[in-house]
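What follows is a set of notes on a single structure, which appears directly below.
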Amino acid sequence: MSGKPVRDLKRKWHPAVGIALAAVVFLGSAWAVAARFSQTSISPVEAERSPDFSDRPDASPSPAPAPSVPAAQASASPDATSIPGNQSTAVANRQGSLRISNPTEFPTRVVLMARRAATPVNYELPAHWDFAPQEGGAKGLLVSLPDRSIRVKKGDILVAFAQDGSRRYWGPYVVGETETPRWNPKAKEWQFVLQP
């Protein structure tokens, strides 16, 4: 202390002290986070067991609603009827565009999973369209994608669900195997009308 006043002396920290202090803070924070999440974690016994929803009334899928065709539509297009099961080769050749109508009171999303041509089991990336209540009217709307055209064929899957939180859904419908969607031979398109 010769020659320097006490107020001019600076305390110097050794770098090891700063690193040790940072490590203690980091490890303490990590421990606190780990302790928080370990209290809410799922035990291995619960994780292996799948939940049983069989006793819930809304657990089973709703049956496909019976299609109802208005009298004006039925008389105007008698060819747009369901396809009998014995004409499976004729159904396999039916490829066309997709026309969708939402006469329900629900805002809905319609999803199409198109089957790949090369492999009968795999499907392409799903495409979807959103419809407002009553959108599409009696004629329906012809749907498309910005990057490719839609060609619906036998085996493609259609499903629709309400987007208002009501948990209402329609389908799944398999093109050419269920009554909906219906083939319109005049327009060469599949018509998908959601039933209220």
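Under my numbering, residues -15 to 180 are what the sequence shown spells out, in order.
We put the CB at the ideal spot given by N, CA and C, even for glycine.
No experiment lies behind these values; they were computed from the predicted model shown.
As a beta-bridge residue in DSSP terms, G80 pairs with V136.
When D131, S128, V177 and G139 are compared, the shortest CA-CA separation from N77 is found for G139. As the crow flies, the alpha-carbon of Y153 is around 23 Å from that of L129.
One thing to note: K172 has its Cβ within 8 Å of the Cβ of G80. Contact check for P91 against A146 passes: the beta carbons are separated by less than 8 Å. Out of N86, P87 and L109, the CA that lies nearest to the CA of M97 is found in L109.
DSSP places A144 in the strand class (E or B) of the three-state scheme.
The three-state secondary structure of P165, taken from DSSP, is coil. Per the coordinates, the alpha-carbon of S13 lies some 53 Å from the alpha-carbon of V127. Cβ-Cβ distances below 7 Å link G121 to S85 in the same chain, with the five nearest sequence neighbours on each side left out; the list follows chain order.
Look at V17 here: in three-state DSSP terms it is helix.
In the structure shown, P(-1) falls within a helical segment according to DSSP collapsed to helix, strand and coil. Residue pairing by DSSP puts V177 in a beta bridge opposite S85.
If you ignore the 5 residues before and after S150, its C-beta comes within less than 7 Å of the C-beta of F90, all in its own chain and listed in chain order. Around the beta carbon of A6, a 10 Å sphere encloses fewer than 16 other beta carbons of the protein chains shown; the residue is thus reported as exposed. Under the DSSP definition of a beta bridge, R93 partners with D114 and F145. 8 Å or more divides the Cβ of F115 from the Cβ of V95. V158: member of the beta strand (DSSP E) spanning Y153 to V158, first to last residue. Note on geometry: alpha-carbon atoms of T162 and W174 lie some 12 Å from one another.
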